[in-house]
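See structure below.
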Amino acid sequence: MPKPRKAQISLDATPYYHCISRCVRRSFLCGIDQYTGKSYEHRRQWVEDRLIHLARTFAIDVCAFAVMSNHTHTVLRINEAKAENWSTRDVIERWHCIFAGTTVSKRFLKGDTLLECELNQITTLAKLWRARLQDISWFMRSLNEPIARAANQEDQCTGRFWEGRFKCQALLDEQAVAACLAYVDLNPIRAGMANSPESSDHTSVQKRIRAAKSDSPYQPDYLLPFVGNPRKDQPDGLQFNLQDYLELVDWTGRIQREDKRGSISTTLPPILKRLNINEAQWMQLTGKMESLFPTFVGHADRVKIASKTLGHQRVSGLAKYRSLFST
Numbered sequence: 001m002p003k004p005r006k007a008q009i010s011l012d013a014t015p016y017y018h019c020i021s022r023c024v025r026r027s028f029l030c031g032i033d034q035y036t037g038k039s040y041e042h043r044r045q046w047v048e049d050r051l052i053h054l055a056r057t058f059a060i061d062v063c064a065f066a067v068m069s070n071h072t073h074t075v076l077r078i079n080e081a082k083a084e085n086w087s088t089r090d091v092i093e094r095w096h097c098i099f100a101g102t103t104v105s106k107r108f109l110k111g112d113t114l115l116e117c118e119l120n121q122i123t124t125l126a127k128l129w130r131a132r133l134q135d136i137s138w139f140m141r142s143l144n145e146p147i148a149r150a151a152n153q154e155d156q157c158t159g160r161f162w163e164g165r166f167k168c169q170a171l172l173d174e175q176a177v178a179a180c181l182a183y184v185d186l187n188p189i190r191a192g193m194a195n196s197p198e199s200s201d202h203t204s205v206q207k208r209i210r211a212a213k214s215d216s217p218y219q220p221d222y223l224l225p226f227v228g229n230p231r232k233d234q235p236d237g238l239q240f241n242l243q244d245y246l247e248l249v250d251w252t253g254r255i256q257r258e259d260k261r262g263s264i265s266t267t268l269p270p271i272l273k274r275l276n277i278n279e280a281q282w283m284q285l286t287g288k289m290e291s292l293f294p295t296f297v298g299h300a301d302r303v304k305i306a307s308k309t310l311g312h313q314r315v316s317g318l319a320k321y322r323s324l325f326s327t
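So the sequence shown is residues 1 to 327, counted in the UniProt record's numbering.
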């Protein structure tokens, strides 16, 4: 039986999560319907545009994403500090970027004079909406529902477009985060949809590469930036070097292709050395992320702690965690 979200998502365990949403319709999310020949490829842009909009609105950072033919991958980080620093007006303005709000919240933003009871209502709404704007379930709901409505309208039908629940994996440590980022960014290559990271349309790695190769290199504002290896007074972001990560993705993508296996250097990229992951472990992690780990990804000791924190009665597969994650 699937576990409720409260038993899968907790800041006490980790702020990082890998979410997967799958389409249930024959024509899939995107791609070409083999029966009618109609292309739905444009829907991938729908998902990407919506994801970028939500990344700029929620207190949830997008670390990686890939929009596939029948499913989407997102690696998300809950940014509680960001949400707590918002003013009441900030919260309400952000909520109105996604939802209609209420009559009172609209009057508040217009600067109308409000009664005391209405101001109390604004305080209550801001508290509720602040919590939702840092909630992964609300983020995924805000991503998937508009896509489903648009697809149903285009298909001139009703009914379910996505599976009832999105799958969620908690990423408990740096090794898990790095492996999951690479797993997501390499999905189109594994599926035969692209030959290289830079040609992988509708992925975060393509966005990062294009930004890095521009005349004035930058990191996209809608993606959590790479800020380098851990150090004192480090800015907020992913604690890896962007160049190391891109080299790692390229190396991993090449070595997983059978026709390239014999020609690739076995020298591990620097990021693997820092995280103490060997080649065999890395290939397992980035090749079978979903099938290997139903709920948690990380060291065995972190898995035990997270399981206890989230109220799980038992922890299964600890030997697998010990074999794949170095200490």
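Idealized CB from N, CA, C, for every residue including glycine.
Q.
On the DSSP bridge list, what partners appear for Leu171?
A. Here residue 171 refers to the residue found at position 171 of the sequence shown. The partner list for Leu171 (beta bridge, DSSP) reads Val297.
Q.
To the nearest angstrom, how far is the alpha carbon of Ser323 from that of Met289?
A. For the purposes of this step, residue 323 is taken as residue 323 along the sequence shown, with counting starting at 1. For the purposes of this step, residue 289 is taken as residue 289 along the sequence shown, with counting starting at 1. The straight-line gap from Cα to Cα measures roughly 14 Å.
**Q.** Coil, strand or helix - Trp162 by DSSP
**A.** Translated into positions along the sequence shown, residue 162 becomes position 162. Residue state, collapsed to three classes: strand.
Q. What whole-angstrom Cβ distance do Phe296 and Gln169 have, given they're in contact under 8 Å?
A. Here residue 296 corresponds to residue number 296 of the sequence shown, with the count starting at 1. Here residue 169 corresponds to residue number 169 of the sequence shown, with the count starting at 1. At roughly 7 Å, the Cβ-Cβ gap stays under 8 Å, so Phe296 and Gln169 are in contact.
**Q.** Three-state secondary structure assigned by DSSP to Leu133
**A.** Looking up residue 133 in the sequence shown gives position 133. Correct three-state label for Leu133: coil.
**Q.** Nearest candidate by alpha-carbon position, reference Arg190, set Pro235, Leu172, Ser69
**A.** Stepping through the sequence shown from its first residue, residue 190 is reached at position 190. Looking at the Cα atoms, Ser69 is the closest of the given residues.
Q: Taking Arg43 and Ala151 to be in contact with their CB atoms under 8 Å, please state how far apart those CB atoms are, rounded to whole angstroms.
A: Counting from one through the sequence shown, the residue named residue 43 turns up at place 43. Counting from one through the sequence shown, the residue named residue 151 turns up at place 151. Sure, about 6 Å apart at Cβ, within 8 Å.
Q. Between the Cα of Met140 and the Cα atoms of Phe166, Gly159, Asp155, Thr123, which residue gives the shortest distance?
A. Mapped onto the sequence shown, residue 140 falls at position 140. Cα-wise, what sits closest to Met140 is Phe166.
Q | Whole runs of the alpha helix (DSSP H) within the segment 21–82, excluding any shorter than 4 residues | A | 43–55
Q.
Distance check for Ile32 and Arg302, CA to CA, integer angstroms please.
A. Within the sequence shown, the letter at position 302 stands for residue 302. Within the sequence shown, the letter at position 32 stands for residue 32. Their Cα atoms are separated by approximately 42 Å.
Q.
Taking 6 Å as the limit between beta carbons, can you name the residues of its chain near Ala55, skipping five residues before and five after?
A. As a working mapping, residue 55 is identified with position 55 in the sequence shown. Within the same chain, Ala55 has close Cβ partners Val62, Tyr222.
(Q) Helix, strand or coil, according to DSSP, for Phe99 in the structure here? (A) Stepping through the sequence shown from its first residue, residue 99 is reached at position 99. In this structure, Phe99 counts as coil in the three-state DSSP scheme.
Q. Can you give the Cα-Cα distance for Thr309 and Ala280, rounded to whole angstroms?
A. The count along the sequence shown starts at 1 and reaches residue 309 at position 309. The count along the sequence shown starts at 1 and reaches residue 280 at position 280. Roughly 31 Å separates the two Cα atoms.
Q: Within 10 angstroms of the Cβ of residue 329, are there 16 or more other Cβ atoms? Answer buried if so, exposed if not.
A: What the structure shows of the chain is the stretch from 1 to 327, and residue 329 is not part of that stretch, so it cannot be assessed.
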